Amino acid sequence: MAFDSEKLDESEKPFIEHFEMIEKAKAVSSSIPNDIRKLIVEYMKLTESYEKLLKTTIRISKMGDKAQKKLIKYKELMDTLRNIE
Numbered sequence: 000m001a002f003d004s005e006k007l008d009e010s011e012k013p014f015i016e017h018f019e020m021i022e023k024a025k026a027v028s029s030s031i032p033n034d035i036r037k038l039i040v041e042y043m044k045l046t047e048s049y050e051k052l053l054k055t056t057i058r059i060s061k062m063g064d065k066a067q068k069k070l071i072k073y074k075e076l077m078d079t080l081r082n083i084e
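Sequential numbering of the sequence shown, starting at 0, is according to numbering that gives the first Met the number 0.
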């Protein structure tokens with residue numbers, strides 16, 4: 000399965016190189032001979048952990064973006080209310 004950067008939303012785009020790295024690592028592991036499978040298993044555990052970390056980072060980034068948007072709206076509302084008085 001090839002990585003499709005078109006499916007990323009705006010908050011995920013800064014992490015595109017990390018998604019590409021994950022896909023490359025997955026592709027490499029499937030083409031290695033059986034004699035080094037144990038190493039590859041550990042490598043894939045590392046890759047999966049990295050992928051989980053990346054997804055968590057994106058989720059946190061999205062939450063931060065949402066909070067920032069709310070704060071900007073509240074600030075604009077407060078500025079508007081101050082100007083009315």
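We treat Cβ as the ideally placed atom computed from N, Cα and C, and that holds for glycine.
Computed from a prediction, not measured in an experiment: that's the story for all the values here.
Assigned with DSSP and collapsed to three states, LEU7 falls in coil, not helix or strand. Following the DSSP letters along the chain, one finds LYS61 inside the alpha helix (DSSP H) bounded by residues 36 to 83. By the Cβ test, the region 51 to 58 is in contact with the region 14 to 23, since at least three Cβ pairs between them sit closer than 8 Å.
Rounded to the nearest whole angstrom, the CA to CA distance from LEU7 to GLU47 is 19 Å. A distance below 8 Å separates the beta carbons of SER10 and LYS61.
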